[in-house]
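Each residue of the sequence shown is one higher than the last, beginning at 875 in the numbering used here. Glycine included, each C-beta is placed from N, C-alpha and C at the ideal position. Everything below concerns the one structure shown next.
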Amino acid sequence: MIPGYADDKYYRSQILTASRGRLLVMTYDGGLRFLRLAAEAMEKKDYEAQHTNISKAQNILLELLSSLDHSVNPELASGLDRIYRYLYDRLVHANVSDDIGAVKEAQTLMSQLRDTWAEADEALSGAEQPTAVLSAQG
């Protein structure tokens, strides 16, 4: 058997069967993982790994931005839009200025968002899940 294949198969199954809320939490988990790896790289002065992981976190933020559906709940979507853009800008600053504080700030904010969505998803599990602010593509 190919190493990691079973894990990949399990992970793929998790994604295909997850609720929209769970997928969102998994997306935040990925962003948080890349931010953690970026901070570790910054501490080691590994600029290539720093850039790679910050870029991956930025790509996740762009995906979160593109999945917002402003027609469902304009106020919530607008607030999340501002937060995601702020986080993206902080990560640009972190990468250009080697500012680990900006990465830590992004970790804190993203962790709070992740926990909020996890609580909402848990509260809604078993009940019909509303559309929230995620578009059908997200």
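Within the model, the alpha-carbon separation for Tyr958 versus Leu936 is close to 8 Å. Taking 8 Å as the upper bound for CB-CB distance, Ala931 and Gly905 are in contact here, some 5 Å apart. Listed in chain order, the non-local C-beta contacts of Ala912 below 6 Å within the same chain comprise Gln924, Asn927, Ile928 and Val977, local neighbours out to five positions each way being set aside. In the DSSP assignment, Asp995 falls within the alpha helix (DSSP H) that extends over Ile974 to Leu998. Separation of Tyr960 and Leu939 (C-alpha to C-alpha, rounded to the nearest whole angstrom) is 11 Å. For Ala951 against Leu965, the beta-carbon gap comes to about 21 Å, at or over 8 Å, which does not count as contact. Every alpha helix (DSSP H) stretch that sits fully inside the stretch 904-956 and reaches 4 residues is listed by chain position as 921-940. In the assembly as shown, Ala968 is a buried residue. Its beta-carbon has 16 or more other beta-carbons within 10 Å. Secondary structure of Ser893 (DSSP, three-state): coil.
Of the candidates Glu914, Met916 and Ile934, Ile934 places its Cα closest to the Cα of Met984.
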